[in-house]
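The structure appears right after this line, and notes come after that.
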Amino acid sequence: MLNDIVLQLTNIRKSYGAIHALKGVHFTLRRGEIHALAGENGAGKSTLMKIIDGIVQPDSGQIVLNGDARQFRSPLEAQRAGIGFVHQEIALCPQVSVAQNICMSRINTEGGFLVNYREVRQVARAAIEQLADIDVNTLVGDLSISNQQVVEIAKALTLDCQILILDEPTAALTDRETEALFAIMHRLKAQGMSIIFISHRMAEIFEHCDHVTVLRDGEYVMDTPVADTTPEDVVNALVGRQMTHLYPDKLTGDPTAGPVILRAEAVADEGRVRGVDLTLHKGEILGLAGLIGAGRSELVQTLCGLRRRTAGRVELNGAAIHPRDYADAIRSGLVYLSEDRKGEGVFLNMPIAQNVSALRLDKVTTPFGMLDRRAEMDQARTHGAELRLKAGSLRDDVSSLSGGNQQKVAIAKLLTANPAVMMLDEPTRGVDVGAKAEIHALLRDFAEQGVGIIVVSSELPEVIGLCDRVLVMAEGRISGELSGDQMTEENIMALASGLALTG
Amino acid sequence: MSNMTNQSGAKTSMLMRLVRMREFALIVIILALSVFMSFASPYFLTEGNLRAILLSFSTEGIVVVGMTILLIVGGIDLSVGSVMALTMAVAGKLFLVGLDPWVASLMGIGAAAMIGVVMSFFVTRVGLHYFIVSLAFLGIARGLTLVVTQGTPLSLFSLPPEFKFVGQGSLYGIPFVVILFFVIVGVADFLLRRATIFRRVYYVGSNEKAAEYSGIRVKRVKAGAIILCSTLAGLAGVIFMSRFGAAPPQFGVGMELNVIAAAVIGGAGLYGGQGSVLGAILGIALLSLVSSSLQLLDVPVFWQDGIKGGILLVAVTIDHIVHTRKA
Ligand SMILES: Nc1ncnc2c1ncn2[C@@H]1O[C@H](COP(=O)(O)OP(=O)(O)OP(=O)(O)O)[C@@H](O)[C@H]1O
Ligand SMILES: [Mg+2]
């Protein structure tokens, strides 16, 4: 049994100043297994993985790879030792083609002076084909987030590795790509590869993984075979308390009973949104579902002035609005949360407090046009506490936060606007179970207080669990509306792929 | 569960923050160099020398202020030297044809601002990069200057004394230029730290997309920074004109490099989102101090550019190390 172990970490510790990211963590990886790593945002999952990959150096602890004590000083060394790493945050070169991104490390490490681009394209195509249909000649910057994530994964697949680390790979993927990824993971596992898989979704862990290790607040909690435990146990272990219900209670009665807050008629943009009617009622949470590319994000972006509206009419509380740009829309009470947190949601190298105030600087401005920094801190503290933000100091840069906590900063920013309508694009992407439940409960609170809530989500359980009513989009149009018992994964998928409902 | 602010952590990091700050390091270096120089050269601590050093960077320092703001927004302007010369030429020429010198100066500054407006059009509307656009205007503005002056320096000895006072006079023994400089720097530094409109400059420089998705009118902010930088270059031009009583068409050639170097030594990055006026001013003070020290130490003038380049490299390297350690 012993030589079955490919990687063993013992007593790993790592601190960033006053923050103890890891306080003596153990981790054991066996040959040919898929090993889930679970924990709340900021539990230390990514930090542990970065230590394995040599990006971060531990303060103390032991790393044994194939029986030898090792410590990598750089990702290149780790790569040479057969470790592949798909990062949580997408790190690609946007100005370069998909093919060259996928083969970046090959181009980097292979000898020879000239790059064989034909071979590069072939290798890239072979790797990406298994996951999705993406042209390897497109520039990465032109791809959607989910497609960029596919490119990240394909990049790791071209490496000849023995251990593959996937840090929340499914957070940005749609169902179809997720399934393709799991098929590949099982194939690699059959070939003897060991895979570390990080996810906040219990269903994925229990369906596809062999072992699960749980971290909480930088501490090791447990490591068990998945067969010997239950999703409830894992959730309780990682949250550290009993989690009773994951989703807040829904509206009782007809979700469209309340007065209309937002009405859109025949709204279209330059091509992605082709004539959409929609009403949002007071008190309800409206879901927008559909496949990637169906135009959901484009629709909400058009509504709030981030994209040009070429046709149609939008009414807010009965009055027609024509936001010239997003700044205009914010003033009339429409706010939008981008799906791309790192690229569009936060200012990574600016302090948390300054991130929170960015949307409504006027709220922390004195009559003389000066910033009231105390008000700015207070505001960040209030909204941070509301969202249970885990941060060292509000003066720290956002880049020092874990992924989920960065998302909370982006949401806190919206809260400062006292919005009439909040449109949230994948609001809980990469957010842990506990925080996710908190965000959901908060959205429900806002809905009850009369704020209109539209949630775009690719995670069907979230759409079904959270929303009172869901509009499904396909090819830029609404292909159907579901509410109550009709909101099932099957019905949503059928509408999303453009099929009519049967029964 | 939620451990928001750790008190003791916050306190130690305050001290660390101070020490890490570029401004702090620069002050230490400037003081150290001054102490060394006061021993090395008896002339260093004389009033005349200190005044000469101050004078040597105060006008250029006004340009540094604009450049710093532009660097923070993520831009750069190579045309400042040419725009300055153009302002002097336009104002000088208008004065020579009979306009009131103050009005002529305002029109000169207006010309500089117009250059900024045109550059901002190419950057924000056409979508060209600052570097390319300002490189083009480095040539265009210099060309216009040569056209206006016909290639020969305009001599403006007939400027009235009250106008010459701006560049040559003193209040309580302090050159008026230096006072003006301190006022502008003080106001700019304060506004950049505290004013809401300047905070937007940091947002745009830090992450343009996120700024857009926070409802900030990114194009407006960028255009504002470009125009401000050109306008301040124009103001510096007018001051130089008053100081020298002339408008030489070749004035300010190569000045952009010194100005950018000062801002970068002072902590502004070329990727935007970082920098402060105080830092940049300390940067240009350091560069001037070094020049004058080298002269006092009888180091051949040929060495100066090389040594300044070395200082730039060292400053940027230290900054890089500190930042990668932090991440
Ligand atoms: N460079 C850094 N500087 C300071 N603190 C850091 C840094 N990197 C991580 N941390 C802190 O270490 C802790 C663990 O972060 P880590 O990114 O490993 O969490 P995670 O488990 O991956 O969370 P998530 O699910 O949100 O991705 C967090 O409290 C985070 O704020
Ligand atoms: Mg993580």
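In order, the protein sequences belong to chains B and D. Under my numbering, the residue at position 17 of the first sequence is numbered 242, and the numbers go up by one with no gaps. Under my numbering, the residue at position 318 of the second sequence is numbered 346, and the numbers go up by one with no gaps. Where is the CB? At the ideal position from N, CA and C, for every residue including glycine.
DSSP beta-bridge partners of D:A275:
Counted from its first residue, the second sequence places residue 275 of chain D at position 247. Answer is D:L182, bridged to D:A275.
Any non-hydrogen atom of ligand 2 closer than 7 Å to B:G309 Cβ
Within the first sequence, the letter at position 84 stands for residue 309 of chain B. No; taking the cut-off as 7 Å, the Cβ of B:G309 has no heavy atom of ligand 2 nearer than that.
If distances are taken between C-alpha atoms only, which option among B:A294, B:F671, B:A263 comes closest to B:T200?
Only positions 226 to 728 of chain B appear in this structure, which leaves residue 200 of chain B out of reach.
Can you give the Cα-Cα distance for B:T527 and B:R549, rounded to whole angstroms?
To locate residue 527 of chain B, count along the first sequence from 1; it is residue 302. To locate residue 549 of chain B, count along the first sequence from 1; it is residue 324. Those two C-alpha atoms are separated by around 11 Å.
8 Å is my cut-off, CB to CB: does D:S242 come that close to chain B?
What you label residue 242 of chain D is simply residue 214 of the second sequence in a count that begins at 1. With 8 Å as the cut-off, D:S242 counts as an interface residue toward chain B.
Just to confirm, are B:D494 and B:R533 a CB contact at a threshold of 8 Å?
Numbered from its first residue, the first sequence carries residue 494 of chain B at position 269. Numbered from its first residue, the first sequence carries residue 533 of chain B at position 308. Yes; because the gap between Cβ atoms is below 8 Å, this pair is in contact.
Relative to the C-alpha of D:G252, which residue among D:F123, D:V215, D:G76, D:M142 is closest?
Locating residue 252 of chain D in the second sequence gives position 224, where the first residue counts as 1. It is D:M142.
Along the chain, where does the alpha helix (DSSP H) containing B:P456 start, and where does it finish?
Numbered from 1 along the first sequence, position 231 holds the residue referred to as residue 456 of chain B. Unbroken alpha helix (DSSP H) run through B:P456: 456–464.
Hey, B:F431 and B:V451: beta-carbon distance below 8 Å or not?
By 1-based counting over the first sequence, the position of residue 431 of chain B is 206. By 1-based counting over the first sequence, the position of residue 451 of chain B is 226. Closer than 8 Å, so yes.
Which whole runs of the alpha helix (DSSP H) in the segment 245–318 of chain B are 4 residues long or more, in chain order?
270–277, 300–305
Could you check if D:N235 is buried or exposed, using at least 16 other CB atoms within 10 Å of its CB as the buried criterion?
Here residue 235 of chain D refers to the residue found at position 207 when the second sequence is read from its first residue. Looking at its Cβ environment, which holds 16 or more other Cβ atoms inside 10 Å, D:N235 is buried.
With a cut-off of 8 Å, does the C-beta of D:A274 fall near any C-beta of chain E?
Included in the structure are the protein chains B and D, with no chain E among them.
Distance check for D:G109 and D:S183, CA to CA, integer angstroms please.
By 1-based counting over the second sequence, the position of residue 183 of chain D is 155. By 1-based counting over the second sequence, the position of residue 109 of chain D is 81. Distance between the alpha carbons of D:S183 and D:G109: 19 Å.
Where the beta strand (DSSP E) containing B:A491 begins and where it ends
Within the first sequence, residue 491 of chain B is the residue found at index 266, counting from 1. Element bounds for B:A491: 485–493.
Count the other CB atoms within 10 Å of the CB of D:E284; is the residue buried (16 or more) or exposed (fewer)?
The residue you call residue 284 of chain D lines up with position 256 of the second sequence. With 16 or more other Cβ atoms within 10 Å, it is buried.
Under 8 Å by beta carbon: chain B residues contacting D:G301:
Indexing the second sequence from 1 puts residue 301 of chain D at position 273. Neighbours of D:G301 on chain B, chain order: F572, N574, M575.
When D:V151, D:S321, D:M269 are compared against D:N77, the one with the closest alpha-carbon:
Reading the second sequence from its first residue, position 49 is the one you call residue 77 of chain D. The shortest C-alpha separation from D:N77 is found at D:S321.
Against B:M595, what residues of chain D qualify as contacts under a CB-to-CB distance less than 8 Å, listed in chain order?
Position 370 of the first sequence holds residue 595 of chain B. Per Cβ cutoff of 8 Å: R222, A223, T224.
Hey, how far is the Cα of B:G705 from the Cα of B:R401?
By one-based count along the first sequence, residue 705 of chain B stands at place 480. By one-based count along the first sequence, residue 401 of chain B stands at place 176. B:G705 and B:R401: Cα-Cα distance of roughly 20 Å.
Starting from B:I678, follow its DSSP beta bridges and name the residues at the other end.
The residue you call residue 678 of chain B lines up with position 453 of the first sequence. Paired residue(s): B:I510, B:M647.
Which same chain residues, not among the five before or five after D:V232, have their C-beta less than 6 Å away from its C-beta?
The sequence position of residue 232 of chain D within the second sequence is 204, counting from 1. Excluding positions up to five away in sequence, the list reads V101, A239, V246, V249.
Which one or two residues does DSSP pair with D:P203 in a beta bridge?
Position 175 of the second sequence, counted from the first residue, corresponds to residue 203 of chain D. Beta-bridge pairing links D:P203 to D:S198.
Measure the Cβ-Cβ separation of B:H425 and B:V658 and say whether it is below 8 Å.
Within the first sequence, numbered from 1, the residue matching residue 425 of chain B stands at position 200. Within the first sequence, numbered from 1, the residue matching residue 658 of chain B stands at position 433. Going by C-beta atoms, B:H425 is nearer than 8 Å to B:V658.
Residues of the segment 243–273 of chain D with a CB closer than 8 Å to any CB of chain B: list them in chain order, please.
G243, I244, R245
Measuring from the CB of B:Q313, is there a heavy atom of ligand 1 at a distance below 7 Å?
Working through the first sequence from its first residue, we reach residue 313 of chain B at position 88. Under cutoff, so the answer is yes.
Give the interface partners of B:A397 over in chain D, defined as CB-CB distance under 7 Å, in chain order.
As a position in the first sequence, residue 397 of chain B is number 172, starting the count at 1. Near B:A397 there are no residues of chain D at all, since even the closest Cβ is about 17 Å away, more than 7 Å.
Contacts around B:N362, its chain only, beta-carbon distance under 6 Å, and the 5 residues preceding and following it disregarded
By 1-based counting over the first sequence, the position of residue 362 of chain B is 137. Contacts found: S322.
Give me, in chain order, the residues of the same chain whose beta-carbon lies closer than 7 Å to that of B:Q374; leave out the 5 immediate sequence neighbours on both sides.
Stepping through the first sequence from its first residue, residue 374 of chain B is reached at position 149. For B:Q374, where only same-chain residues beyond five positions count, the Cβ hits under 7 Å are I315, P394, A397, L398.
How many whole angstroms separate the CB atoms of B:E687 and B:G508, which I take to be in contact at a CB cut-off of 8 Å?
For this step, residue 687 of chain B is matched to residue 462 along the first sequence. For this step, residue 508 of chain B is matched to residue 283 along the first sequence. Not a contact, Cβ separation roughly 19 Å.
Look up D:V125 in the DSSP assignment and say whether it is helix, strand or coil.
As a position in the second sequence, residue 125 of chain D is number 97, starting the count at 1. DSSP places D:V125 in coil when its eight states are reduced to three.
Min CB distance B:T403 to chain D below 8 Å:
In the first sequence, residue 403 of chain B corresponds to position 178, counting from 1. No, B:T403 does not count as interfacial toward chain D.
Per DSSP, what kind of secondary structure is B:E700 in: helix, strand or coil?
Here residue 700 of chain B refers to the residue found at position 475 when the first sequence is read from its first residue. DSSP places B:E700 in coil when its eight states are reduced to three.
Shorter than 7 Å, the distance from the beta carbon of B:I244 to the closest heavy atom of ligand 1, or not?
Taking the first sequence and counting its residues from 1, one reaches residue 244 of chain B at position 19. Yes, the Cβ of B:I244 comes within 7 Å of a heavy atom of ligand 1.
How would you write the range of the alpha helix (DSSP H) that D:L314 sits in, first residue to last?
The residue you call residue 314 of chain D lines up with position 286 of the second sequence. Residues 305–324.
Assign B:F593 to buried or exposed, taking buried as 16 or more other Cβ atoms, counted over all protein chains shown, within 10 Å of its Cβ.
Looking up residue 593 of chain B in the first sequence gives position 368. Result: exposed.
Take D:E51 as the anchor and find which of D:F226, D:V118, D:F67, D:A296 has the nearest alpha-carbon.
Looking up residue 51 of chain D in the second sequence gives position 23. Nearest option by C-alpha distance: D:A296.
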